[in-house]
Amino acid sequence: MGAALRGDSDGTEPRRNRHEQSPSGHRGHHHRAGATVTVSISRRGAAALGGGGSVLMRQRRDHARLDAMMNRWSDGGATDDERDALWRDIVQLVFSHAFAEETVLWPVLRRVAPHGEELTGRVEAEHQAINDLIARVEKSPDDPRRAEWIQEAFALIRQDIRDEEDELLPRLRAAFGDRRLRSIGAAWEAVRATAPTRPHPGVPRRPPGNALRGVPLSVFDRLRDRAPGGGPAARRA
Numbered sequence: 008m009g010a011a012l013r014g015d016s017d018g019t020e021p022r023r024n025r026h027e028q029s030p031s032g033h034r035g036h037h038h039r040a041g042a043t044v045t046v047s048i049s050r051r052g053a054a055a056l057g058g059g060g061s062v063l064m065r066q067r068r069d070h071a072r073l074d075a076m077m078n079r080w081s082d083g084g085a086t087d088d089e090r091d092a093l094w095r096d097i098v099q100l101v102f103s104h105a106f107a108e109e110t111v112l113w114p115v116l117r118r119v120a121p122h123g124e125e126l127t128g129r130v131e132a133e134h135q136a137i138n139d140l141i142a143r144v145e146k147s148p149d150d151p152r153r154a155e156w157i158q159e160a161f162a163l164i165r166q167d168i169r170d171e172e173d174e175l176l177p178r179l180r181a182a183f184g185d186r187r188l189r190s191i192g193a194a195w196e197a198v199r200a201t202a203p204t205r206p207h208p209g210v211p212r213r214p215p216g217n218a219l220r221g222v223p224l225s226v227f228d229r230l231r232d233r234a235p236g237g238g239p240a241a242r243r244a
């Protein structure tokens, strides 16, 4: 995209000072990884991101849902049972979403984006840290540090969302037209629908290893999710 701020294809994206944040707290653009300037997808409208079926809009909807659920879990207004249900939904969405990214999006980004290896490597490390931490939470239902670990997981998830929306996903927008973004979105959705929904720290972060080990595990995850009381629970954290 060069050294100048890239505007939306529909001409609606305003130019902002490089230090100005969007209402969601995202920076407008960054100068990491070779000083490529990007515009966060959090600041762009649906038309500029390829429409509702675009992988960029699908990603952003999941991110918004995760943020809302994490806020609800943390705000003190939910009952214990509601927090259990929220935690279950957060865990299931986090892992199905990340698996679809690692299977569909990041291989594409590594092929088309400058510094794609560095960028995706950083996000994969974040995914591994989230996986490890949520696995610890799930294995320690009575640990007094459980609530603290959950909040640490939320902080990692929010950092991951910022990195994706501010740095990785804008590069997909720069590389592809709307039709291609919608095609990638359909593939991403298909993978997400059959992805693991629980932490599996030993599963590789990249294809083909993630699919070879993760897809069989997803069958067991989803069977457990459907069982009464079988989903992840934040047990009175």
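Our numbering numbers the first residue of the sequence shown as 8 and each following residue consecutively.
Even for Gly, the Cβ is constructed at its ideal location relative to N, Cα and C.
These numbers were taken from a predicted model, which means no experiment stands behind them.
Do the CB positions of residue i and residue j come within less than 9 Å of each other?
i: I157; j: W94; result: yes
i: A120; j: A200; result: no
i: P215; j: A142; result: no
i: L163; j: E196; result: no
i: A194; j: V111; result: yes
i: G192; j: G52; result: no
i: I48; j: V101; result: no
i: D185; j: G58; result: yes
i: R213; j: E131; result: yes
i: D74; j: R165; result: yes
i: A154; j: L140; result: no
i: Q66; j: E108; result: yes
i: V46; j: R189; result: no
i: E174; j: L126; result: yes
Is it right to say residue i is buried, meaning 16 or more other beta carbons lie within 10 angstroms of its own, or is it exposed?
i: N78; result: exposed
i: R180; result: buried
i: D82; result: exposed
i: R22; result: Its pLDDT being 32, under 50, R22 is placed unreliably in this model, and the value from its coordinates should be taken loosely. Looking at its Cβ environment, which holds fewer than 16 other Cβ atoms inside 10 Å, R22 is exposed.
i: P203; result: buried
i: R68; result: exposed
i: G123; result: buried
i: V226; result: exposed
i: G209; result: exposed
i: G41; result: Per-residue confidence for G41 stands at a pLDDT of 44, beneath the threshold of 50, marking its modelled position as unreliable; no derived number is given.
i: S103; result: buried
i: L56; result: buried
i: L116; result: buried
I need the DSSP call for residue i, collapsed to helix, strand or coil.
i: F183; result: coil
i: D170; result: helix
i: P211; result: coil
i: R205; result: coil
i: G84; result: coil
i: F227; result: helix
i: H104; result: helix
i: S147; result: coil
i: R51; result: coil
i: D232; result: helix
i: T45; result: coil
i: S190; result: helix
i: P177; result: helix
i: A120; result: coil
i: A200; result: coil
i: G216; result: helix
i: G221; result: helix
i: A40; result: Confidence at A40 is low in this model, with a pLDDT of 45, below 50, so the placement of that residue is unreliable and no value is reported for it.
i: R153; result: helix
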